[in-house]
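Engineer:
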Amino acid sequence: MKSSKDPPSVLDGTLTVEELSAIKAADQVSVMGKQTIRDIGARARQIAGLKPGSKTIRTPELIDEIVDRLRYGEALASIASDPTMPAYTTIWNWREADPDLDSLIRRSEAVGQHFLVDIQQDIALAGVFSTGDRLRDEFLNRTIDKNVGRRNRAEFGERVQVDQSPVVINLPDWAIRVSQSKPRLIEALPPPDPDA
14 MKSSKDPPSV
24 LDGTLTVEEL
34 SAIKAADQVS
44 VMGKQTIRDI
54 GARARQIAGL
64 KPGSKTIRTP
74 ELIDEIVDRL
84 RYGEALASIA
94 SDPTMPAYTT
104 IWNWREADPD
114 LDSLIRRSEA
124 VGQHFLVDIQ
134 QDIALAGVFS
144 TGDRLRDEFL
154 NRTIDKNVGR
164 RNRAEFGERV
174 QVDQSPVVIN
184 LPDWAIRVSQ
194 SKPRLIEALP
204 PPDPDA
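What follows is the structure, given as structure tokens:
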């Protein structure tokens, strides 16, 4: 049984500021994090439900538009939230049923990642892709770095280069003899007791 001091399992908007502040910070973050994930899922389902006459029939033109938008760096979730596009889960169902489509979408997302990385310099130089707000541009570039780095670690992720050079160790004769005799020493040991 929960006491009145236990944190709520779901934030439903009925708690006062005083009640919220009484919750321990760690519990508050946990509860709010879970609620945020639920809210994002609910919002995505709501957007999908608000699409009047949502396109669910797969046509070459529809696939071409999805692929084109992906190639310019737009996220699949953003494309799916467009009222003229199929729902996010519909696109994933198509991908699961058609490996060629899945491969095409993956390649298009990779092209989009390269596009986003390419426009970063333009954004930093206040070019045509800049928002006009320096702080927003910095945030945009950091977001692109983080997103692309997560999705394509091989090309854009952070790496640490380790240079290895072959090491030749001149061992004295006695060390070579000891290293060669180790297998014989191990064989001479009694087997371990299985009951121990």
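In this text, residue positions in the sequence shown follow the numbering used here: the first is 14, and each later residue adds one.
Positions of the beta carbon are idealized from the N, C-alpha and C atoms, including for glycine.
#1: Helix, strand or coil: how does DSSP classify Thr102 here?
#2: Under the three-state reduction of DSSP, which class applies to Asp206: helix, strand or coil?
#3: State buried or exposed for Ser121, treating a residue as buried only when at least 16 other CB atoms are found within 10 Å of its CB.
#4: Taking the CB atoms as reference points, tell me whether Val130 and Val80 lie closer together than 8 Å.
#5: Considering Arg119, what are the terminal residues of the alpha helix (DSSP H) in which it resides?
#6: Within this structure, are the beta carbons of Ile118 and Leu75 separated by less than 8 Å?
#7: When the Cα atoms are used, what is the spatial distance from Arg155 to Arg56?
#8: Rounded to whole angstroms, how far is the Cβ of Thr144 from the Cβ of Asp150, which I believe are closer than 8 Å?
#9: In the DSSP assignment, find the alpha helix (DSSP H) that holds Glu151 and state where it starts and stops.
Structural biologist: Walking through what the data contain:
#1: Secondary structure at Thr102: helix, using DSSP grouped into helix, strand and coil.
#2: Residue state for Asp206 is assigned as coil, using DSSP reduced to three classes.
#3: In the assembly as shown, Ser121 is a buried residue. Its beta-carbon has 16 or more other beta-carbons within 10 Å.
#4: Taking the C-beta atoms as reference points, Val80 is found no nearer than 8 Å to Val130.
#5: Per DSSP, Arg119 belongs to the alpha helix (DSSP H) from 112-137.
#6: No. Outside cutoff.
#7: Each residue's Cα considered, the two are about 25 Å apart.
#8: Going by Cβ atoms, the distance from Thr144 to Asp150 rounds to 6 Å, so yes, they are a contact pair.
#9: 147-164 is the extent of the alpha helix (DSSP H) around Glu151.
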